[in-house]
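This is how it looks when you write it as structure tokens:
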């Protein structure tokens with residue numbers, strides 16, 4: 015784990031507590047959510063606070079500094095299952111990561127019906 019990843023892990027722990035506070039959840043829940051998935055290699059259940067946008071039954075995460083992060087790689091080559099809590103609403107779906115020709119990465123989540 016590099017220095018950036020260690021710092022992000024510490025921030026995520028603190029932010030997860032903030033996200034669970036009822037008042038702040040209503041404010042932050044419009045754009046910040048909690049994504050939970052099982053790591054492909056580790057088999058561990060992982061939970062991350064992320065900026066998530068929603069349009070209908072479609073969710074999207076734009077990955078900032080993707081080359082410094084590994085979590086999104088769980089969703090390449092066929093994608094993977096995720097659970098998302100966004101503004102107190104729970105979603106489950108298939109997440110697929112793509113990198114565009116400019117190097118930007120996004121994770122698109124198709125919500126189950």
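In the working numbering, the protein residues as written are 15 to 127.
From the three backbone atoms N, C-alpha and C, an ideal C-beta is built for every residue, glycine too.
query	result
Span of the beta strand (DSSP E) around residue 111	103 to 113
Start-to-end residues for the beta strand (DSSP E) that takes in residue 97	94 to 100
Per-residue burial, residue 78 [other beta carbons within 10 Å of its own, 16 or more giving buried]	exposed
Residues that DSSP places opposite residue 46 in a beta bridge	65
Residue 62 vs residue 73 beta-carbon contact at 8 Å	no
DSSP bridge partner residues for residue 72 (one or two, in chain order)	69 and 124
Nonlocal neighbours in the same chain, by C-beta distance under 6 Å from residue 66, ignoring five residues either side	47, 73, 75 and 100
Cβ neighbour criterion (16 or more within 10 Å) applied to residue 123	buried
Where residue 87 falls: helix, strand or coil (DSSP)	helix
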